[in-house]
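In the numbering used here, the protein residues as written are 1 to 94.
For every residue, glycine included, the Cβ atom is placed at its ideal position computed from N, Cα and C.
Accompanying notes for the structure given below.
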């Protein structure tokens, strides 16, 4: 069973990214949501047809960052090894 989409605005998108360690300023998230000269956005925000505000699906936003991380790991010369013993050696949480 799939979860229904959960749409969030710019502030909630900043909070969702902050939860995974991506701290952006309001200006940075707005820049990612605004269309460029070609009319394309860096992130798939859309204008809500009812209230006219920018929205994004929360799962999509987080999936984009996960996909970018996986692609970076695949492209790296040194591949990370995820084992129980290495997780004890390095704890990335502050």
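Discussion item. Quick check on the DSSP output: the beta strand (DSSP E) that includes residue 56 runs from which residue to which?
Written reply: Reading the chain shown from its first residue, position 56 is the one you call residue 56. That run of the beta strand (DSSP E) goes 54 to 57.
Worksheet item: On the three-pair Cβ rule with 8 angstroms, is the region 14 to 27 touching the region 42 to 54?
Response: no
Worksheet item: So what's residue 8 in DSSP terms, helix, strand or just coil?
Response: Locating residue 8 in the chain shown gives position 8, where the first residue counts as 1. If DSSP states are grouped into helix, strand and coil, residue 8 belongs with the strands.
Worksheet item: Using the beta-carbon count (16 or more within 10 Å), is residue 66 buried or exposed?
Response: If you number the chain shown from 1, residue 66 lands on position 66. That one is exposed.
Worksheet item: So is residue 33 buried or exposed if we call it buried at 16+ other beta carbons inside 10 Å?
Response: Residue 33 sits at position 33 when you count from the first residue of the chain shown. Label assigned to residue 33: buried.
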